[in-house]
Amino acid sequence: MHASDIEGDLSTVLVTEAEIHAKLAEIARRIETDYAGKDVLLVGVLKGAIMVMADLARELRLHVETDWMAVSSYGAGTKSSGVVQIRKDLDSDLTDRHVLIVEDIIDSGLTLSWLLENFASRGAASIEVCALLRKPEAAKVEIECRYVGFDIPNEFVVGYGLDYAEKYRNLRDVGVLAPHVYS
Ligand code: 5GP
Ligand code: MG
Ligand code: MG
0 MHASDIEGDL STVLVTEAEI HAKLAEIARR IETDYAGKDV LLVGVLKGAI MVMADLAREL
60 RLHVETDWMA VSSYGAGTKS SGVVQIRKDL DSDLTDRHVL IVEDIIDSGL TLSWLLENFA
120 SRGAASIEVC ALLRKPEAAK VEIECRYVGF DIPNEFVVGY GLDYAEKYRN LRDVGVLAPH
180 VYS
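Residue numbers for the sequence shown follow numbering that gives the first Met the number 0, beginning at 0 and rising by one.
Laid out in structure tokens, this is it:
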């Protein structure tokens with residue numbers, strides 16, 4: 000959707016759809032090299048990762064399986080609680096699998112650090128992370144993220160899967176919400 004009414008709610012566009020697609024193509028080439036000859040299980044973290052999963056998976060010239068996990072971390076607000084709860088578990092058994100976690104954004108890193116520990120205990124052969132966005136200034140724990148799209152400032156962003164109270168996921172670009180939206 001390109002309707003100006005939702006795009007008008009952004010004060011700044013940080014990353015455009017074209018920039019995202021170009022970056023995902025670059026990352027896909029690296030993944031193809033790194034995982035040559037291996038079966039990959041892409042695990043998307045709902046709901047924010049829906050767009051990056053859809054575009055990254057279609058860029059990959061590799062056999063991949065996809066699975067989804069839903070965890071709670073933010074609720075409707077904009078601050079990380081640090082409390083992670085499984086809302087929907089994987090359908091797949093991770094034993095001996097090469098798992099690539101696909102995330103929208105690494106903010107505090109708390110969700111991913113919890114997921115990495117949880118997945119490690121399930122016997123995966125390897126676990127790596129691909130995140131479209133990362134906020135280096137917001138890190139509370141260090142996450143080893145093999146594939147990072149863009150480092151962005153420590154601001155709450157929406158679009159390309161990322162929501163504010165479940166809205167704005169359908170924006171094509173990633174940007175910062177204008178103050179009038181919050182009030
Ligand atoms: P973390 O545990 O790293 O703090 O972030 C957990 C999740 O919160 C992210 O995967 C993402 O879904 C959501 N989140 C973090 N920062 C933002 C942001 O700036 N905007 C939106 N819409 N969601 C965010
Ligand atoms: Mg997420
Ligand atoms: Mg959210």
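Backbone N, C-alpha and C define an ideal beta-carbon position, used for all residues, glycine too.
- Per DSSP, I126 is one residue of the beta strand (DSSP E) stretching across 125-133.
- Out of T32, D4, V51, the CA that lies nearest to the CA of I19 is found in V51.
- Counting of Cβ neighbours within 10 angstroms places T110 among the buried residues, the total reaching 16 or more.
- Here the alpha carbons of A177 and R28 stand approximately 35 Å from one another.
- Judged by DSSP secondary structure, F149 falls within the beta strand (DSSP E) whose first and last residues are 146-150.
- Looking from the CA of G47, the closest CA among A130, E141, D38 belongs to A130.
- M68 has V44 as its beta-bridge partners, per DSSP.
- For D103, there is no enclosing alpha helix (DSSP H); the residue is part of the beta strand (DSSP E) that begins and ends at 97-105.
- For K37, there is no enclosing alpha helix (DSSP H), since its DSSP letter is neither H nor E.
- Ranking N153, V156, S125, G160 by CA distance to the CA of C144 puts S125 first.
- When the five nearest sequence neighbours on each side are left out, the beta carbons in the same chain lying within less than 8 Å of the beta carbon of V12 are those of D172, V173, G174, in order along the chain.
- When DSSP reads this structure, Y163 sits in a beta bridge with K166.
- Sequence-distant Cβ neighbours of V180 in its own chain, meaning closer than 8 Å and more than five residues away, are D8, Y163.
- In this structure the stretch 57-64 does not touch the stretch 80-90; the number of beta carbon pairs closer than 8 Å is below three.
- Within a 10 Å sphere around the beta-carbon of G160 sit 16 or more other beta-carbons, which makes this residue buried.
- Judged by DSSP secondary structure, V51 falls within the alpha helix (DSSP H) whose first and last residues are 49-58.
- As the crow flies, the alpha-carbon of M68 is around 8 Å from that of R86.
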